[in-house]
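Engineer: The structure is given below, and queries will be raised subsequently.
Chains as they are written, first to last, in my numbering: chain C, 233 to 346; chain Z, 298 to 406.
This is the structure in structure tokens:
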């Protein structure tokens, strides 16, 4: 696609429910990244993919968070048993390769846990 | 991991003024990007500038990798320049960008 696309744009969920956030990277980009931005804060790295593999999962805040990428394209970030502290904007980015190439971000998914 | 510090944290300008935003980092850099986060939360790419100087309209950026800093210049600021400016670094053996805490810019009419 022309840019990184994320869905949904907004998600309101009840505490304890599971949610899935989707990211569709720029066509041909092998690297995909997930970040989280809490209200008024900077960007916190969660996980990155090289192709379908996730060499670095160190940023995932707990075992309730998981992510996968299939076909070297679309990625899904899943949060199980959501908590209020999970409320944030989840941003996805892609780049041609991991490392020294320019990264482009999607518009984000605003998650609110009530 | 690499440390990224941005200054100033907040900046208020009158429309038409010029400004300089600074980004200091603690390690050698493979990738450095400047982003503008607009009021809707979208991160807009401004510059991909691991070294050297680039200009795009009223904006320009300079990275001096050997001295571990980058500068973003905004000239003749407009109200639409308001938002948060982030510097993001990829350094050392890392494969993901590390973001600074941002500069909140407010341009008053």
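Glycine included, C-beta positions come from ideal geometry on N, C-alpha and C.
Should residue 318 of chain C be flagged as near chain Z, meaning a C-beta pair shorter than 8 Å?
Structural biologist: By one-based count along the first chain, residue 318 of chain C stands at place 86. Answer no: the Cβ-Cβ gap between residue 318 of chain C and chain Z never drops below 8 Å.
Engineer: Quick one: which chain C residues come within Cβ less than 7 Å of residue 353 of chain Z?
Structural biologist: Position 56 of the second chain, counted from the start, is the residue given in the question as residue 353 of chain Z. Neighbours of residue 353 of chain Z on chain C: none; closest Cβ ~14 Å, over 7 Å.
Engineer: Look at residue 381 of chain Z and residue 312 of chain Z and say whether their C-beta atoms are less than 8 Å apart.
Structural biologist: Taking the first residue of the second chain as 1, we reach residue 381 of chain Z at position 84. Taking the first residue of the second chain as 1, we reach residue 312 of chain Z at position 15. No, the Cβ-Cβ distance between residue 381 of chain Z and residue 312 of chain Z is not below 8 Å.
Engineer: Under 7 Å from any heavy atom of the ligand ZN, does the C-beta of residue 260 of chain C make it?
Structural biologist: Judged by which ligands are present, the structure shown has none, so any question about the ligand ZN falls away.
Engineer: Per DSSP, what are the beta-bridge partners of residue 357 of chain Z in this structure?
Structural biologist: As a working mapping, residue 357 of chain Z is identified with position 60 in the second chain. DSSP, once it has assigned bridges, lists Z/352, Z/370 as partnering residue 357 of chain Z.
Engineer: Between residue 382 of chain Z and chain C, is the shortest Cβ-Cβ distance under 8 Å, so that the two count as touching?
Structural biologist: Translated into positions along the second chain, residue 382 of chain Z becomes position 85. Not one chain C Cβ lies under 8 Å of residue 382 of chain Z.
Engineer: Tell me the residue span of the beta strand (DSSP E) that contains residue 300 of chain Z.
Structural biologist: Here residue 300 of chain Z is taken as the residue at index 3 of the second chain, counted from 1. Counting along the chain, residue 300 of chain Z sits inside no beta strand (DSSP E), nor does DSSP assign it H or E at all.
Engineer: If we ignore side chains and look at the alpha-carbon of each, how far apart do residue 306 of chain Z and residue 283 of chain C end up?
Structural biologist: Counting from 1 along the second chain, the entry for residue 306 of chain Z is found at position 9. Counting from 1 along the first chain, the entry for residue 283 of chain C is found at position 51. About 36 Å.
Engineer: Taking buried to mean at least 16 other C-beta atoms within 10 Å of its own C-beta, is residue 266 of chain C buried or exposed?
Structural biologist: Mapped onto the first chain, residue 266 of chain C falls at position 34. So residue 266 of chain C counts as buried.
Engineer: To the nearest angstrom, how far is it from the Cα of residue 372 of chain Z to the Cα of residue 316 of chain Z?
Structural biologist: The residue labelled residue 372 of chain Z in the question sits at position 75 within the second chain. The residue labelled residue 316 of chain Z in the question sits at position 19 within the second chain. C-alpha separation (whole angstroms): 6 Å.
Engineer: Beta-carbon within less than 7 Å of residue 334 of chain C's beta-carbon, same chain only, minus the 5 sequence neighbours each way: which residues are those?
Structural biologist: Residue 334 of chain C sits at position 102 when you count from the first residue of the first chain. So the qualifying residues of the chain are 327.
Engineer: So is residue 250 of chain C buried or exposed if we call it buried at 16+ other beta carbons inside 10 Å?
Structural biologist: As a first step, residue 250 of chain C must be located in the first chain, where it is residue number 18. Looking at its Cβ environment, which holds fewer than 16 other Cβ atoms inside 10 Å, residue 250 of chain C is exposed.
Engineer: Write down the C-beta distance between residue 236 of chain C and residue 257 of chain C rounded to the nearest angstrom, noting that I regard them as a contact closer than 8 Å.
Structural biologist: By 1-based counting over the first chain, the position of residue 236 of chain C is 4. By 1-based counting over the first chain, the position of residue 257 of chain C is 25. Contact flag correct, Cβ pair sits at about 6 Å.
Engineer: Per DSSP, what kind of secondary structure is residue 362 of chain Z in: helix, strand or coil?
Structural biologist: Numbered from 1 along the second chain, position 65 holds the residue referred to as residue 362 of chain Z. The answer is helix: DSSP assigns residue 362 of chain Z an H, G or I state.
Engineer: Please compile the residues from chain C whose C-beta is within a distance smaller than 8 Å of the C-beta of residue 323 of chain Z.
Structural biologist: One-based indexing of the second chain puts residue 323 of chain Z at position 26. By Cβ distance, chain C contributes nothing, its closest Cβ being about 16 Å from residue 323 of chain Z, past 8 Å.
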